[in-house]
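Participant: In this note's numbering, the protein residues as written are 3 to 267. Below you will find the structure I want to go over with you.
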């Protein structure tokens, strides 16, 4: 029976891949090989004009240095946007996550809250940022709120799933003392899920650090704004410097977050 089920699943995967093949433009994938030289020529624009020439290298490194000086402060702003967006989301996701858990809240509360969180998750941060830009104007605040809303929806789902998988022994023990439901949550539920919640929060901070770099493209602050300007001006060396700063910063955040999450699990 298990083999039949696995065969059905495999067949289903094949059907889905075939169904989406043309719409995903996969029939043109051969162009990746055919036009590989064009991609190489484009990438070469981010490198010195003549690597063997000392003057060309010096000019290139000077351009990169200027780009680093411009990009670093904006990357700091981007990280700050991610920090505040994640912080607001964690604070908001705690009550929403508890109200989304079937073993904590009644069904008539759980379903509406879950649907609201579905809405938060399903709308891209760029769209949410445009809404906040209309209210507060261009700048980091719109980016912070966009990340906060979207991340609240994501974390609330993760938080509620963690709550629903807790050991009910401690809850029953607290309940036996005559404690109120809120005390059951504080003393029996949250202590069990706090490490996992913290891990989820750190993971989302990693993701938000990457997402915040894109929000600048629509004027929501951070390094994305100068990246968009550099790309639009076909200033490849400036673009290269900005991309290097983004890659280094995001990689450093990922490493630090992974180390912290390992200590929590």
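By construction, the Cβ of each residue, glycine as well, lies at the ideal position given by its N, Cα and C atoms. Quick caveat: nothing in here was measured; it's all calculated off a predicted structure.
Do residue 205 and residue 263 have their beta-carbon atoms positioned less than 8 Å apart in this structure?
Facilitator: Mapped onto the chain shown, residue 263 falls at position 261. Mapped onto the chain shown, residue 205 falls at position 203. Yes, the Cβ-Cβ distance between residue 263 and residue 205 is below 8 Å.
Participant: Using a Cβ-Cβ cut-off of 7 Å (strictly less than) and excluding sequence neighbours within five positions of residue 177, which residues of its own chain qualify?
Facilitator: To locate residue 177, count along the chain shown from 1; it is residue 175. If we look at residue 177 and ignore the five residues flanking it on each side, its Cβ neighbours are 186.
Participant: Evaluate contact between the region 249–261 and the region 188–200, counting only Cβ atoms and requiring at least three cross-stretch pairs below 8 Å.
Facilitator: Too few Cβ pairs lie closer than 8 Å, so no.
Participant: On the criterion of 16 or more Cβ atoms from any shown chain inside 10 Å, does residue 145 qualify as buried, or is it exposed?
Facilitator: By one-based count along the chain shown, residue 145 stands at place 143. The residue is buried, with at least 16 neighbouring Cβ atoms inside 10 Å.
Participant: Pick out whichever of 94, 240, 247, 246 has its Cα sitting closest to the Cα of residue 61.
Facilitator: Numbered from its first residue, the chain shown carries residue 61 at position 59. Taking only the C-alpha atoms, the option nearest residue 61 is 240.
Participant: Would the beta-carbon of residue 38 fall within 8 Å of that of residue 94?
Facilitator: Sequence index remark: in the chain shown, residue 38 carries index 36 (1-based). Sequence index remark: in the chain shown, residue 94 carries index 92 (1-based). Result no, Cβ atoms of residue 38 and residue 94 do not sit closer than 8 Å.
Participant: Cβ of residue 244 within 8 Å of Cβ of residue 232?
Facilitator: Looking up residue 244 in the chain shown gives position 242. Looking up residue 232 in the chain shown gives position 230. Taking 8 Å as the Cβ cut-off, residue 244 and residue 232 qualify as a contacting pair.
Participant: Going by alpha carbons, who is nearest to residue 251 out of 212, 222, 139, 265?
Facilitator: Stepping through the chain shown from its first residue, residue 251 is reached at position 249. Ranking the options by Cα distance to residue 251, first place goes to 212.
Participant: Between residue 88 and residue 14, how many whole angstroms is the CB-CB distance? I'm expecting something under 8 Å.
Facilitator: In the chain shown, the residue the question calls residue 88 occupies position 86. In the chain shown, the residue the question calls residue 14 occupies position 12. The pair is not a contact, with the Cβ atoms about 37 Å apart (cut-off 8 Å).
Participant: Taking the CB atoms as reference points, tell me whether residue 217 and residue 148 lie closer together than 8 Å.
Facilitator: To locate residue 217, count along the chain shown from 1; it is residue 215. To locate residue 148, count along the chain shown from 1; it is residue 146. Yes, these two residues count as a Cβ contact at 8 Å.
Participant: Measure the Cβ-Cβ separation of residue 266 and residue 200 and say whether it is below 8 Å.
Facilitator: Here residue 266 refers to the residue found at position 264 of the chain shown. Here residue 200 refers to the residue found at position 198 of the chain shown. A contact, by the Cβ cut-off of 8 Å.
Participant: With a 10 Å radius around its C-beta and 16 neighbouring C-beta atoms as the bar for buried, classify residue 91 as buried or exposed.
Facilitator: Start at 1 with the first residue of the chain shown, and residue 91 comes out as number 89. With 16 or more Cβ atoms within 10 Å of its Cβ, residue 91 is classed as buried.
Participant: Buried or exposed for residue 113, going by 16 or more other Cβ atoms inside 10 Å?
Facilitator: Taking the chain shown and counting its residues from 1, the one referred to as residue 113 is at position 111. By the 10 Å Cβ count, residue 113 comes out exposed.
Participant: Hey, how far is the Cα of residue 9 from the Cα of residue 207?
Facilitator: Taking the first residue of the chain shown as 1, we reach residue 9 at position 7. Taking the first residue of the chain shown as 1, we reach residue 207 at position 205. Between residue 9 and residue 207, the C-alpha separation is close to 39 Å.
Participant: Look at the alpha carbon of residue 215 and the alpha carbon of residue 224, and state the distance between them as a whole number of angstroms.
Facilitator: Within the chain shown, numbered from 1, the residue matching residue 215 stands at position 213. Within the chain shown, numbered from 1, the residue matching residue 224 stands at position 222. For residue 215 and residue 224, the distance between alpha carbons rounds to 6 Å.
Participant: Applying the criterion that 16 or more other CB atoms from any shown protein chain within 10 Å of the CB defines a buried residue, is residue 110 buried or exposed?
Facilitator: Mapped onto the chain shown, residue 110 falls at position 108. The residue is exposed, with fewer than 16 neighbouring Cβ atoms inside 10 Å.
Participant: How would you label residue 127, buried or exposed, when you count the other beta carbons within 10 angstroms and need 16 or more for buried?
Facilitator: Along the chain shown, one-based indexing puts residue 127 at 125. Result: buried.
Participant: Using 8 Å for Cβ pairs, my map puts residue 159 next to residue 182. What's the rounded Cβ distance?
Facilitator: In the chain shown, the residue the question calls residue 159 occupies position 157. In the chain shown, the residue the question calls residue 182 occupies position 180. Rounded, the Cβ-Cβ distance is 26 Å, inconsistent with contact.
Participant: Please determine, among 136, 108, 228, the residue with the shortest C-alpha to C-alpha distance to residue 79.
Facilitator: As a first step, residue 79 is located in the chain shown; it is residue number 77 there, counting from the start. Ranking the options by Cα distance to residue 79, first place goes to 228.
Participant: Counting only runs of 3+ residues fully inside the region 131–160, write out the beta strand (DSSP E) ranges in chain order.
Facilitator: Whole beta strand (DSSP E) segments, 3+ residues: zero.
Participant: Identify, in the order they occur along the chain, each residue of the same chain with its Cβ nearer than 6 Å to the Cβ of residue 141, setting aside the five sequence neighbours on each side.
Facilitator: Counting from 1 along the chain shown, the entry for residue 141 is found at position 139. Closer than 6 Å at the Cβ level, and outside the excluded window around residue 141, lie 223.
Participant: Count the other C-beta atoms from every protein chain shown that fall within 10 angstroms of the C-beta of residue 210, then say buried if there are 16 or more, exposed otherwise.
Facilitator: Looking up residue 210 in the chain shown gives position 208. Buried, by the Cβ-count rule.
Participant: With DSSP as the reference, label residue 104 as helix, strand or coil.
Facilitator: Locating residue 104 in the chain shown gives position 102, where the first residue counts as 1. Reduced to three states, the DSSP call for residue 104 is coil.
Participant: In the structure shown, what three-state DSSP assignment does residue 60 receive?
Facilitator: If you number the chain shown from 1, residue 60 lands on position 58. The answer is helix: DSSP assigns residue 60 an H, G or I state.
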